[in-house]
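Enquirer:
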Amino acid sequence: MPQTLLDAPVQTNGFRDSAFAKNKILPVHRWVPWIAGFSAQFVDDCISAYLQPNKKDTAWILDPFAGVGTTLVESYIHGINVVGFEINPYAALAARTKLEAVNVEPGTLQAQIAGFQRFMKTRCASANGKPRSTPPAGFSGRTQLFSPAVERKILFALDFINSIPISAVRDIFRVAFGSVMVNVSNYSYEPSLTRRLAVDKDEIGDAPVDEVVASKLMLMLEDVRWLQTQVPKLGHKPTAKVYDDSFFVAPNKLKRQSFIDLLVTSPPYLNNYHYPRNTRPQLHWLGFASGPGYGGARESESFGKFWQTVRDLDPIKLNFVLPALAEAVEDVRSRNAEKSAYGGPGWANYVASYFNDAYRFCKIVADFLKPGKGVAVIVLGNSIIQGVEIKTDYFFGKIAELCGLKFEETLLLREKRTGTSIIQSSVRVDRATKKTVLYESAIVLRK
Ligand SMILES: C[S@@+](CC[C@H](N)C(=O)[O-])C[C@H]1O[C@@H](n2cnc3c(N)ncnc32)[C@H](O)[C@@H]1O
Numbered sequence: 003m004p005q006t007l008l009d010a011p012v013q014t015n016g017f018r019d020s021a022f023a024k025n026k027i028l029p030v031h032r033w034v035p036w037i038a039g040f041s042a043q044f045v046d047d048c049i050s051a052y053l054q055p056n057k058k059d060t061a062w063i064l065d066p067f068a069g070v071g072t073t074l075v076e077s078y079i080h081g082i083n084v085v086g087f088e089i090n091p092y093a094a095l096a097a098r099t100k101l102e103a104v105n106v107e108p109g110t111l112q113a114q115i116a117g118f119q120r121f122m123k124t125r126c127a128s129a130n131g132k133p134r135s136t137p138p139a140g141f142s143g144r145t146q147l148f149s150p151a152v153e154r155k156i157l158f159a160l161d162f163i164n165s166i167p168i169s170a171v172r173d174i175f176r177v178a179f180g181s182v183m184v185n186v187s188n189y190s191y192e193p194s195l196t197r198r199l200a201v202d203k204d205e206i207g208d209a210p211v212d213e214v215v216a217s218k219l220m221l222m223l224e225d226v227r228w229l230q231t232q233v234p235k236l237g238h239k240p241t242a243k244v245y246d247d248s249f250f251v252a253p254n255k256l257k258r259q260s261f262i263d264l265l266v267t268s269p270p271y272l273n274n275y276h277y278p279r280n281t282r283p284q285l286h287w288l289g290f291a292s293g294p295g296y297g298g299a300r301e302s303e304s305f306g307k308f309w310q311t312v313r314d315l316d317p318i319k320l321n322f323v324l325p326a327l328a329e330a331v332e333d334v335r336s337r338n339a340e341k342s343a344y345g346g347p348g349w350a351n352y353v354a355s356y357f358n359d360a361y362r363f364c365k366i367v368a369d370f371l372k373p374g375k376g377v378a379v380i381v382l383g384n385s386i387i388q389g390v391e392i393k394t395d396y397f398f399g400k401i402a403e404l405c406g407l408k409f410e411e412t413l414l415l416r417e418k419r420t421g422t423s424i425i426q427s428s429v430r431v432d433r434a435t436k437k438t439v440l441y442e443s444a445i446v447l448r449k
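Taking our numbering, I'd label the letters of the sequence shown as residues 3 to 449.
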């Protein structure tokens, strides 16, 4: 049986570690790993701290950057109504599928898994059979994603998955497939998607695709059963909705205002981690994207933009007045100016775009939180850009105040966070500032 929530050590401020790693052993949360996802325990702690226990069945929790659904799933398990937005279609699929799992008939899922195993055994055993599915046209890389033997099996797996008649069951298969496909490919997460050869790992000539997918599915089946023992204990069925869309369109999608009791989220960090690029295999092989570029993952609507898309633009200024931040942006702009787009000028555009989006975000949040009671907990990490430390939590708090929210406190969650490599590979760090500690914190805002 999967373990239920662990009693991980509580930090002195009462909030447990926000790192996603803990989710790997928790039912449902363990379905899909997600970079910079955070822990279910952290969500639990937010619920205990900011929601009245007797109001859970009428309360609403929002996650504007839902990722693979940690906030939404954990809140749902507590009996709370949830709504989320996620721009990456693969992550949105994972979040939605987890929440829909409560309606999936375990016997039907089990029968489909058995059917999948039989289908794969027969098809892969015959050397002559040809899969009906074809590789997606738009996926290209310096190395073939799959070796020919693996690709043939992958295509058979897709033949079966696409023929599953019940959409909620098909989605469980699609999530299972997406979560393991890179493990049998010639790429790996380091944590960015990287060719195996580039990190001295052997390419994968062949792999038991059926076993890898089926064992993921068996684990998911176990969790579906577990979830279905939990929800009846609540005495009511919470409402859950995930929008495969940018949070910036929330005002058009959510017809109500001022109804959110608690928001728990983590926007993309100021580290230029490119979610669309890193989920290219899933986006293409699950049919969310076609052709080159990242249109399928709505790259241009991503929170904070990506350095690649703003570096060559004219100098981008802040759309609001915050002198200390404007100074930091200009400090970045002045560094390595001779490298233009690749030096301070390009990176200053990235920083300014990030905080302009933070401003747009806080304005929308202010409209959705319940006056007097609504709380927003936003997990952030500081960054070092061109040698300048940017305290994202501090500036975010100040921006929230400009948007009519009350900054309450900052909770230090982790004094040292992993992922430094992401920053250091994409941002040249001054030798002098190498010592700056990267931390993770949550700011608490009230309406
Ligand atoms: C740090 S992750 C959140 C992870 C989440 N807390 C979890 O545990 O799975 C940030 C997420 O924001 C999403 N995102 C980026 N821009 C967005 C936007 N404009 N609207 C909604 N989601 C967005 C990214 O695709 C990414 O999944």
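The beta carbon of each residue, even a glycine, is placed where N, CA and C say it ideally should be. Since the model is a prediction, treat every value here as computed from it, not as a measurement.
How about residue 31 and residue 58: are their beta carbons less than 8 Å apart?
Expert: For this step, residue 31 is matched to residue 29 along the sequence shown. For this step, residue 58 is matched to residue 56 along the sequence shown. No, the Cβ-Cβ distance between residue 31 and residue 58 is not below 8 Å.
Enquirer: With residue 2 as the anchor, note down where its beta strand (DSSP E) starts and where it stops.
Expert: Since the first residue of the chain shown is 3 and the last is 449, residue 2 is not available in this structure.
Enquirer: Counting only beta-carbon separations shorter than 8 Å, does residue 295 have a partner in chain C?
Expert: Checking the listed chains, one finds no chain C in this structure; it contains a single protein chain.
Enquirer: Sorted by chain position, which residues of the same chain lie with C-beta nearer than 7 Å to residue 409's C-beta, five sequence neighbours on each side aside?
Expert: Along the sequence shown, one-based indexing puts residue 409 at 407. Same-chain partners within the cutoff: 399, 402, 403, 445 and 447.
Enquirer: Straight-line CA distance for residue 88 to residue 270?
Expert: Position 86 of the sequence shown holds residue 88. Position 268 of the sequence shown holds residue 270. Using only the alpha carbons, I get a separation of about 11 Å.
Enquirer: Using a Cβ-Cβ cutoff of less than 7 Å, which residues in the same chain neighbour residue 209 once the five nearest sequence positions on both sides are dropped?
Expert: For the purposes of this step, residue 209 is taken as residue 207 along the sequence shown, with counting starting at 1. The residues are 152 and 186.
Enquirer: Leaving out five residues on either side along the sequence, give the residues of the same chain with a beta carbon under 7 Å from the beta carbon of residue 48.
Expert: Here residue 48 is taken as the residue at index 46 of the sequence shown, counted from 1. Around residue 48: 264, 266 and 379.
Enquirer: Within the segment 311–354, note down every full alpha helix (DSSP H) run reaching 4 residues or more, in order along the chain.
Expert: Segments of the alpha helix (DSSP H) lying fully in the segment 311–354: 325–336.
Enquirer: At a threshold of 7 Å, does residue 73 count as lining ligand 1 (C-beta to nearest heavy atom)?
Expert: Within the sequence shown, numbered from 1, the residue matching residue 73 stands at position 71. Yes, the beta carbon of residue 73 sits closer than 7 Å to at least one heavy atom of ligand 1.
Enquirer: By the DSSP assignment, the beta strand (DSSP E) with residue 445 in it spans what residues?
Expert: Here residue 445 is taken as the residue at index 443 of the sequence shown, counted from 1. Segment 442–448, the beta strand (DSSP E) holding residue 445.
Enquirer: My understanding is that residue 415 touches residue 442, with C-beta atoms under 8 Å, so please give their C-beta distance in whole angstroms.
Expert: Residue numbering aside, residue 415 sits at position 413 when the sequence shown is read from its first letter. Residue numbering aside, residue 442 sits at position 440 when the sequence shown is read from its first letter. About 5 Å separates the two Cβ atoms, so the contact holds.
Enquirer: Any chance the segment 239–249 sits against the segment 346–360, with 3 or more Cβ pairs inside 8 Å?
Expert: Not touching, per the Cβ criterion.
Enquirer: Just to confirm, are residue 69 and residue 39 a CB contact at a threshold of 8 Å?
Expert: Here the question's residue 69 lines up with position 67 in the sequence shown. Here the question's residue 39 lines up with position 37 in the sequence shown. In contact: residue 69 and residue 39 (Cβ atoms closer than 8 Å).
Enquirer: Which residues bound the beta strand (DSSP E) around residue 387?
Expert: Within the sequence shown, numbered from 1, the residue matching residue 387 stands at position 385. That run of the beta strand (DSSP E) goes 385–387.
Enquirer: Please find out if some non-hydrogen atom of ligand 1 comes closer than 7 Å to the beta-carbon of residue 510.
Expert: Because the chain is modelled from 3 through 449, residue 510 falls outside the range shown and cannot be assessed.
Enquirer: CB of residue 283 to nearest heavy atom of ligand 1: below 7 Å?
Expert: The residue you call residue 283 lines up with position 281 of the sequence shown. No, since every heavy atom of ligand 1 falls outside the 7 Å radius drawn around the Cβ of residue 283.
Enquirer: Exposed or buried, residue 202, counting other C-beta atoms within 10 Å across all chains shown (16 or more means buried)?
Expert: Looking up residue 202 in the sequence shown gives position 200. Residue 202 should be labelled exposed.
Enquirer: Between which two residues does the alpha helix (DSSP H) containing residue 261 stretch?
Expert: Within the sequence shown, residue 261 is the residue found at index 259, counting from 1. It is not in any alpha helix (DSSP H) - residue 261 carries neither H nor E in the DSSP assignment.
Enquirer: Residue 133 to residue 93, Cα distance in whole Å?
Expert: To locate residue 133, count along the sequence shown from 1; it is residue 131. To locate residue 93, count along the sequence shown from 1; it is residue 91. The straight-line gap from Cα to Cα measures roughly 27 Å.
Enquirer: Reducing DSSP to helix, strand and coil, say where residue 207 ends up.
Expert: Within the sequence shown, numbered from 1, the residue matching residue 207 stands at position 205. Note: residue 207 maps to coil in three-state DSSP.
Enquirer: How is the alpha helix (DSSP H) around residue 118 delimited, first residue to last?
Expert: Walking along the sequence shown from the start, residue 118 turns up at place 116. Looking at the DSSP string, the run of the alpha helix (DSSP H) that includes residue 118 is 108–127.
Enquirer: Taking the alpha-carbon of residue 64 as reference, which of 375, 337, 84 and 156 has the nearest alpha-carbon?
Expert: Position 62 of the sequence shown, counted from the first residue, corresponds to residue 64. Ranking the options by Cα distance to residue 64, first place goes to 84.
Enquirer: Among all the DSSP beta bridges, which residues are the ones paired with residue 87?
Expert: Position 85 of the sequence shown, counted from the start, is the residue given in the question as residue 87. Residue 87 is bridged to 245.
Enquirer: By the DSSP assignment, the beta strand (DSSP E) with residue 287 in it spans what residues?
Expert: Walking along the sequence shown from the start, residue 287 turns up at place 285. That residue, residue 287, is in no beta strand (DSSP E); its alpha helix (DSSP H) goes 282–287.
Enquirer: Considering only residues of the same chain and omitting the five flanking positions on each side of residue 71, which have a CB-CB separation below 6 Å?
Expert: Residue 71 sits at position 69 when you count from the first residue of the sequence shown. 97 and 100.
Enquirer: Can you give the Cα-Cα distance for residue 163 and residue 175, rounded to whole angstroms?
Expert: For the purposes of this step, residue 163 is taken as residue 161 along the sequence shown, with counting starting at 1. For the purposes of this step, residue 175 is taken as residue 173 along the sequence shown, with counting starting at 1. Going by the C-alpha atoms only, they are around 6 Å apart.
Enquirer: According to DSSP, which residues form a beta bridge with residue 378?
Expert: Stepping through the sequence shown from its first residue, residue 378 is reached at position 376. Its beta-bridge partners are 265 and 447.
Enquirer: Can you list the alpha helix (DSSP H) stretches of 4 or more residues lying completely in the segment 18–85, in chain order?
Expert: For the segment 18–85, whole alpha helix (DSSP H) runs of length 4 or above, ordered along the chain, are 42–52 and 72–79.
Enquirer: Using 10 angstroms around the beta-carbon of residue 394, count the other beta-carbons present and answer buried if the total reaches 16, otherwise exposed.
Expert: Position 392 of the sequence shown, counted from the first residue, corresponds to residue 394. The residue in question, residue 394, is buried, as its Cβ has 16 or more Cβ neighbours within 10 Å.
Enquirer: Run the CB neighbour count on residue 259, radius 10 Å, all protein chains shown included, and call it buried at 16 or more, exposed below.
Expert: Position 257 of the sequence shown, counting from 1, holds the residue named residue 259. It counts as exposed.
Enquirer: Is there contact here, the segment 153–161 with the segment 116–125, by at least three beta-carbon pairs under 8 Å?
Expert: Flag = yes, the segment 153–161 and the segment 116–125 touch.
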